[in-house]
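The numbers in my numbering rise by one with no breaks, and the one at position 3 of the sequence shown is 10. Cβ atoms here follow ideal geometry from the backbone N, Cα and C, with glycine treated the same way.
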Amino acid sequence: MRKNSFKYKNGLPGNKNSSDYGFPGLLLFLLLFWCIFFSCTSGCTEQNEKASTTHPLVVACTIPPQEEFIREVAGDYPVSILVMVPPGSSPHTFEPTPSQIAGLESADLYIALGSGIEFENRWISRIKQIYPGIKMINLSENIELYHPSGSHGEFTEPSQYNTNERSDPHMWMSLRNAAWIVNTTAEAMALLRPDMKDSFFKNKDNYNQKLADADQDIRESLKNIKTRTILVYHPAYSYFCRDYDLEQMVVEENGREPSSRKLADLITRAKSKGINIVFTEPEGSTRQAETLAREIDGTMILISPLDRNYLENMKQIAEKISGLS
């Protein structure tokens with residue numbers, strides 16, 4: 008029987024030239040292979056890390072005023088903002104479209120009010136279930152929420168993602184609260200873009216100074232008005248009134264039109280206080296506000312807590328209220 012003449016000779020089996028390389032050649036080949044492999048994988052990793060920090064930051068939020076806060080913090084840094092409740096809609100009743108929910112797939116961060124606004128009560132938990140990887144921030148963690156109690160009400164600390172329907176969820180309607188909102192927004196964005204932390208914090212400090220200046224101007228403009236009671240259709244101004252020692256007389260009853268008895272009482276009270284302006288919002292029906300204005304021989308004026316130009320809007324609201332004098 009013929010013996011197999013196939014020999015390894017320190018080379019690769021089956022390759023007649025492999026013996027020419029010998030063991031040193033094989034070692035060199037393996038070293039080159041591993042160098043190329045690690046170079047490729049390292050390059051891919053660096054590209055992925057670079058892409059994660061240089062692609063526009065995608066931030067989702069609930070209402071239009073938050074867009075200004077996010078843009079002011081971002082400054083020149085590219086940021087894409089998804090506002091779930093669009094301008095002209097009410098966060099008390101709005102339902103998102105399927106395309107809006109699908110758009111959240113690209114979001115790096117969702118900045119929630121956490122104050123009990125109905126849109127979030129219905130959707131925050133669902134969004135977290137659909138997109139468990141999205142980072143969720145609650146803006147109300149450091150803000151006292153207003154809970155109506157009798158004729159005066161009280162401010163209490165919120166629990167996480169407050170769903171108490173009886174609290175006033177419009178906590179952004181305070182320049183003092185807005186400063187907290189901007190601080191929390193900057194901290195959340197800096198966690199996702201740590202290399203931009205100094206820039207984000209500088210931008211938020213600059214914007215907070217604008218808020219402080221506006222607060223001082225508004226306080227001065229409202230200091231000497233003759234009546235400190237404002238007649239509002241929708242109870243969105245508890246925080247604004249707290250800051251400037253005002254009282255809001257509310258037309259709505261738990262989000263519904265008032266009864267005939269309450270409407271008659273409001274007319275009597277408004278006339279006794281010399282009130283001749285009814286403030287209402289463009290996002291809802293103005294029919295009852297117009298009726299009330301006629302009954303008190305007054306005027307209906309539109310103001311909105313949802314204007315996307317937050318700081319300018321707050322100044323305009325104060326200007327319209329100061330016109331009561």
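message: Please classify H62 as buried or exposed, where buried requires at least 16 neighbouring CB atoms within 10 angstroms.
response: Under this definition H62 is an exposed residue.
Burial state of S245 (16 or more Cβ within 10 Å): Per the 10 Å Cβ criterion, buried.
message: Can you look up M91 in the DSSP assignment and give me helix, strand or coil?
response: Residue state, collapsed to three classes: coil.
Cα-Cα separation between N320 and P72, rounded to whole angstroms: Approximately 9 Å, taken between the alpha carbons.
task: Just the C-alpha distance for E297 and T306, rounded to the nearest angstrom, thanks.
output: Across the structure, E297 and T306 are spaced so that their CA atoms are roughly 8 Å apart.
field: Three-way DSSP call (helix, strand, coil) for R263 in this model
entry: Looking at R263 - three-state DSSP - the assignment turns out to be strand.
- prompt: Considering A109, what are the terminal residues of the alpha helix (DSSP H) in which it resides?
  reply: P105 to G110 is the extent of the alpha helix (DSSP H) around A109.
- prompt: Nearest to D314 by alpha carbon, out of F76, E79, T100 and P94?
  reply: It is P94 whose Cα lies nearest to the Cα of D314.
task: Compare the C-alpha of Q107 against each of E75, V90 and T100 and name the closest.
output: It is V90 whose Cα lies nearest to the Cα of Q107.
query: With burial defined as no fewer than 16 other Cβ atoms inside 10 Å of the residue's Cβ, what is the status of T192: buried or exposed?
result: Buried is the call here.
Contacting residues, own chain, Cβ-Cβ under 7 Å from M226 (five flanking each side not counted): At residue 226 the sequence reads Arg, which differs from the Met that was named. Within its own chain, the residues whose Cβ lies closer than 7 Å to the Cβ of R226, once the five positions on either side in sequence are excluded, are Y251, listed in chain order.
- prompt: Is it true that the CB of W187 sits closer than 9 Å to the CB of L146?
  reply: Taking 9 Å as the Cβ cut-off, L146 and W187 qualify as a contacting pair.
query: Roughly how many whole angstroms lie between the Cα atoms of E75 and Y317?
result: When the Cα atoms are used, E75 and Y317 turn out to be separated by approximately 7 Å.
query: Which value, in whole angstroms, describes the spacing of the CA atoms of W130 and A109?
result: The straight-line gap from Cα to Cα measures roughly 13 Å.
Rounded straight-line distance, which links the Cα of L218 to that of R183: Spanning the two alpha carbons is a distance of roughly 8 Å.
- prompt: Any idea which residues DSSP pairs L64 with across the strands?
  reply: For L64, which the question treats as bridged, DSSP gives the partners V86.
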